[in-house]
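Beneath this line is the structure, given in structure tokens, with notes to follow.
Numbering (the numbering used here), first residue to last: 3 to 392.
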């Protein structure tokens with residue numbers, strides 16, 4: 003009997019109110035828009051009942067694969083077409099209605115637009131009465147497709163206005179920084195993508211969550227488990243505080259001398275208020291054509307053509323701002339070191355600036371700092387296990 007009890011709801015009160023208000027706004031906008039459009043075409047104003055179920059998906063669980071734009075538009079429309087066809091060829095409603103729902107599900111599976119309200123729309127086209135029957139295939143486009151399209155645009159505007167990404171973006175597989183066939187460093191010992199794929203095939207059941215979201219949830223769970231095992235080691239605990247930094251207007255020659263003098267590989271770039279504006283490394287400096295001697299023949303010819311003193315002086319970058327990357331990844335002082343692992347291991351970052359709430363530079367963490375922290379945490383964990391065993 004415990005299986006009949008409702009599962010605990012993890013959504014916060016704010017998230018629940020956001021879904022309720024979104025459904026209200028979306029259905030009001032859809033009703034008014036479709037009434038105006040249908041009225042201007044001389045048709046009776048219609049807002050189909052199954053759209054309420056679509057509103058639940060689009061506004062309460064917008065990340066669901068069943069709530070994406072193609073799911074609602076394609077799922078509702080193809081279900082209506084199937085229902086009209088069954089109602090036209092099968093005179094007995096008690097046979098036509100179940101067959102319409104079953105065929106609609108099969109069609110949605112085939113077209114990859116599974117949308118639960120589509121089953122209700124298939125039944126509506128068969129059991130909706132003389133007005134629906136008289137509309138025939140026109141019912142599938144107005145009001146079904148029209149209602150679905152307007153509600154989808156309402157969800158698009160509302161969800162993004164309330165900071166919920168919609169449509170839910172599928173994350174591309176992270177690109178290996180070294181462009182080799184090896185797995186990402188964080189995947190070599192822990193859960194791998196092929197493990198998740200094998201588990202999903204073994205489960206052999208439709209889940210109302212995308213594969214990418216499921217993988218992210220597993221990774222976040224691993225992060226929480228790591229924090230529980232190794233304690234609260236934050237970036238402030240392991241960062242270097244005496245940081246050598248430069249300004250965007252610092253000459254490249256001076257920045258290069260700082261790298262060599264302090265035997266480091268990168269320099270944070272800060273503005274006049276001490277806020278991090280970027281990072282510049284020895285590799286960034288070597289990307290300049292005038293500084294990189296290992297370019298192809300075309301680049302060498304361009305160097306030869308631009309070899310005149312005036313042209314060379316005009317084209318050669320002279321300031322840090324001219325070679326530093328346009329974006330920089332920073333972390334807060336209270337960030338757990340576990341969150342640095344995918345940044346440095348998978349994304350290939352060698353240095354990460356640590357900032358305060360105003361984005362002012364507080365320190366910097368190198369790969370060697372992270373390795374030392376993980377090593378120390380592992381020793382502490384093993385020592386604790388030995389003490390418990392004793």
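In this text, a Cβ means the ideal position worked out from N, Cα and C, and glycines have one as well. Predicted model, so just to flag it, every value in this text is computed and none were measured.
Beta-bridge partners of residue i, as assigned by DSSP
i	result
residue 236	338
residue 277	362
residue 283	268
residue 242	366
residue 321	253
residue 353	368
residue 333	356
residue 248	271
Residue i vs residue j beta-carbon contact at 8 Å
i	j	result
residue 253	residue 320	yes
residue 342	residue 372	yes
residue 39	residue 57	no
residue 352	residue 368	yes
residue 49	residue 161	no
residue 95	residue 129	yes
residue 103	residue 125	yes
residue 32	residue 59	no
residue 248	residue 257	yes
residue 156	residue 64	no
residue 120	residue 81	yes
residue 375	residue 208	no
residue 141	residue 86	yes
residue 36	residue 145	yes
residue 273	residue 279	yes
residue 198	residue 217	yes
residue 284	residue 260	no
Reference residue i; option with closest CA among the options
i	options	result
residue 151	69, 88, 328	69
residue 154	61, 126, 128	61
residue 105	94, 96, 83	83
residue 78	108, 97, 63	108
residue 225	248, 344, 14	344
residue 359	133, 10, 220, 276	276
residue 219	204, 208, 195	195
residue 1	165, 98, 147, 4	Any property of residue 1 remains undetermined from this structure, which presents the chain solely from 3 to 392.
residue 72	34, 114, 87, 91	114
residue 169	142, 27, 266, 75	75
residue 250	323, 263, 378, 221	323
residue 242	138, 378, 370, 347	370
residue 377	98, 34, 240	240
residue 346	335, 336, 331	331
residue 138	265, 110, 91	91
residue 361	335, 16, 110	335
residue 135	93, 265, 112	93
residue 159	27, 202, 111, 7	27
Residue environment, residue i, which counts as buried when at least 16 other CB atoms sit within 10 Å
i	result
residue 295	Because the pLDDT at residue 295 is just 47, under 50, the model does not fix this residue reliably, and the value given afterwards should be weighed accordingly. With fewer than 16 other Cβ atoms within 10 Å, it is exposed.
residue 237	buried
residue 116	buried
residue 205	exposed
residue 21	buried
residue 311	The predicted position of residue 311 is uncertain, since its pLDDT is 49 and thus under 50; no value can be drawn from it.
residue 127	buried
residue 11	exposed
residue 122	buried
residue 288	exposed
residue 3	exposed
residue 268	buried
residue 200	exposed
residue 98	buried
residue 389	exposed
Nearest-angstrom Cβ-Cβ length linking residue i and residue j, presumed shorter than 8 Å
i	j	result
residue 282	residue 326	4 Å
residue 211	residue 366	Actually they do not touch by this definition, with Cβ atoms about 37 Å apart.
residue 339	residue 354	That pair is no contact at about 11 Å.
residue 55	residue 118	6 Å
Below-8 Å beta-carbon distance, residue i vs any chain C residue
i	result
residue 54	Among the protein chains of the structure shown there is no chain C, as only one such chain exists.
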